[in-house]
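**Student:** Numbering (this note's numbering), first residue to last: 1 to 438.
Next up is a structure, given as structure tokens.
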Amino acid sequence: MHFSMVEMLVLLLLAAVCAAMPDSGLVNVSEVIWSGPENRGVYLGSPSIVQCPGGPLLASHDFFGPAIGPDKLARIFSSSDSGITWKLVGQVAPMYWATLFVRDGDTAVYIFGTTNDGNPAPTQIVIARSLDCGATWQPRVLTNSTKSYSTGPTPILQHNGRLWRAFEHNTGPGWGSGYSAVVISAPDTASDLLDPTTWTLSGELAFSAVRPLVPPTWSDPAIISNFGWLESNAVAPVAPGDAGINVVLRVNSLPAANKAALLYVPSPTAAPQLVSFIDFPGGMSKFTIRRHAPSGLYVTLSNLVADPAITIPPHCASGTAPSHVLPACSMAELRTCPDRITCLWAHANSRDNLTLAVSQNLTTWTMLATVMAPDTGDPEWLRQITTGFQYVDWQFDGDDIIAAVRAAYRGADCYHNSNRILFQRLVRWQQLTDAAFE
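See the structure below:
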């Protein structure tokens, strides 16, 4: 693949102006918002991104952390210069764990999530519509039951004449282990997507029903595991003409890493069926999968874990004063070492490397590149517990991929507690597939 002189100048210009973060080594990255000072207990979650029809780029996020109350909202930012600069243009409530989307032939922008994070219960499914590129919103709750639903900023799939969105029914007890996979869908030609009667809920598949099929090689007697699934992706099926869809779920597989669950949903009212547990790059953390129509490839941005080891950070050595105060990461298991508390750190939790991978069949994945990695110069163990490029939502944008990233970076107190939402453009990403499949 060759570039003209004009194309080369455009690429160089993007590389120069998109790296809009001072003192950062990240490439083609700009900052949508920073939540500092970080000691306030306010963190940024659920990034999403979409192109408003005929208008600017839009990015959304919500808040989490000890300083955030039960009322949940999503804030909307816009960029009129292809992601170089951003401004706050609106907000929508109630809205949490939400994804921005547009449908073919519609001039409106939608956002799809839940009313809250389960506190107070029940948590309902909610959608909102904007007719002015994110400035104002009309929300509508779609469910009305005693059930609580969970999700993340995962894709809305337009396939076989329907819009599909995957959720989890939180049946409890247990995070992930008490979740059931479920899908909600509507005709993609529906005149009003805010009408609850337009939407159909599928049957459910509880994780507890498939828990006996979890491979025994995932377990380690030294670690108390809470296997479960969450943050499911609705994905176009592999077989041409298949009226059903696939669903791929993040699997909490600690201490194992890079695992996911592949389901099949044959119809809008059918219950999901387990196809298999699969090896998936970054399956321990939330990911987004979309299918690239021209090539047929499934594409993901996720947190590949290169080495799912379990270690004690080196500053816990006997007689050595700690060089860094470990954050209170809820994901890490506390252990006592001489005269201090430290973490028994499972590398499967790490989110410091954001990677691009592709698949032809959803079961075999090829890692193409690391697209974000720490540039702070800290040792690896410190990078892993203080840096995270995570919960990415992304879209195809011509020959590029544009992404919104929840980032714990340069000042965050923990890899999980994100202090920034970043925008990244992956220019001509398919060049990487040319090299991988030549």
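Just so you know, even glycine gets a beta-carbon here, dropped at the ideal spot from N, CA and C.
For S330, which residues of its own chain have a beta-carbon under 8 Å away from its beta-carbon, when the five flanking residues on both sides are left out?
**Tutor:** Legend: pLDDT at S330 = 38, less than 50; position of this residue unreliable, value from coordinates given subsequently. So the list reads H416, once near-sequence residues are dropped.
**Student:** Please state the DSSP three-state secondary structure of A121.
**Tutor:** The answer is coil: DSSP assigns A121 none of H, G, I, E or B.
**Student:** Which residue comes first and which comes last in the beta strand (DSSP E) that contains F389?
**Tutor:** G388 to D397
**Student:** Does the beta-carbon distance from S47 to V405 come in below 9 Å?
**Tutor:** For the sequence presented, residue 47 should be read as Pro rather than Ser. Against a cut-off of 9 Å, the Cβ pair of V405 and P47 comes out as a contact.
**Student:** Let me know the secondary structure DSSP gives V325 once reduced to three states.
**Tutor:** Note that V325 has pLDDT 39, beneath the 50 cutoff, so the model's placement of it is unreliable and no number is given.
**Student:** Measure the C-alpha to C-alpha separation of L356 and P212 and round it to an integer number of angstroms.
**Tutor:** 31 Å
**Student:** Do three or more CB pairs link the stretch 274-288 to the stretch 256-263 at distances below 8 Å?
**Tutor:** yes
**Student:** I'd like the list of long-range same chain contacts for S148, defined as Cβ closer than 7 Å, with 5 residues on each side in sequence excluded.
**Tutor:** G118, A121, P122, T123 and N170
**Student:** Grouping DSSP H, G and I as helix and E and B as strand, with all else coil, what is M8?
**Tutor:** In this predicted model, M8 has a pLDDT of only 30, less than 50, meaning its place in the structure is not dependable; the value taken from the coordinates is given anyway. Residue state, collapsed to three classes: helix.
**Student:** Does the beta-carbon distance from L422 to L26 come in below 9 Å?
**Tutor:** Cβ atoms of L422 and L26: closer than 9 Å.
**Student:** Given a threshold of 16 other Cβ atoms within 10 Å of its Cβ, counted over all protein chains shown, does Q138 qualify as buried or as exposed?
**Tutor:** When all chains shown are included, Q138 counts as exposed.
**Student:** Would you list the residues sitting across from G241 in a DSSP beta bridge?
**Tutor:** Answer is none; G241 lacks a bridge partner.
**Student:** In this structure, does DSSP put Q431 in helix, strand or coil?
**Tutor:** helix
**Student:** To which residues of the same chain is G36 closer than 8 Å at the C-beta, ignoring the five residues directly before and after it?
**Tutor:** Counting only Cβ-Cβ distances below 8 Å, and skipping sequence neighbours, we find G411 and N419.
**Student:** Restricting to Cα atoms, I'd like to know which of V109, I68 and W218 is closest to P308.
**Tutor:** W218
**Student:** Just to confirm my understanding: we take V214, look at its own chain, exclude 5 residues before and 5 after, and list those with CB closer than 6 Å. What are they?
**Tutor:** F227
**Student:** Can you give me the start and stop residues for the alpha helix (DSSP H) that F462 sits inside?
**Tutor:** Limits of the chain in this structure are 1 at one end and 438 at the other, which puts residue 462 out of reach.
**Student:** Quick check: the Cα distance between R162 and E231, rounded to an integer number of angstroms?
**Tutor:** For R162 and E231, the distance between alpha carbons rounds to 20 Å.
**Student:** Apart from the five residues on each side of it in sequence, which residues of its chain come closer than 6 Å, Cβ to Cβ, to I385?
**Tutor:** Y415
**Student:** Just to confirm my understanding: we take T107, look at its own chain, exclude 5 residues before and 5 after, and list those with CB closer than 6 Å. What are they?
**Tutor:** P53
**Student:** Does the stretch 248-258 touch the stretch 185-205, meaning 3 or more C-beta pairs lie closer than 8 Å?
**Tutor:** no
**Student:** From A257 to D132, what does the alpha carbon distance come to, in whole angstroms?
**Tutor:** 42 Å
**Student:** Mind checking G241: buried by the 16 CB within 10 Å criterion, or exposed?
**Tutor:** exposed
**Student:** For L432, which residues of its own chain have a beta-carbon under 6 Å away from its beta-carbon, when the five flanking residues on both sides are left out?
**Tutor:** L368 and A369
**Student:** Could you pull the start and end residues of the beta strand (DSSP E) that L163 belongs to?
**Tutor:** R162 to N170
**Student:** For F77, which beta-bridge partners are listed by DSSP?
**Tutor:** Beta-bridge pairing links F77 to A59 and L88.
**Student:** Enumerate in chain order the residues of its own chain whose CB-to-CB distance from V519 is below 8 Å, with the five nearest sequence positions on each side excluded.
**Tutor:** Residue 519 is absent from the structure shown; the chain starts at 1 and stops at 438.
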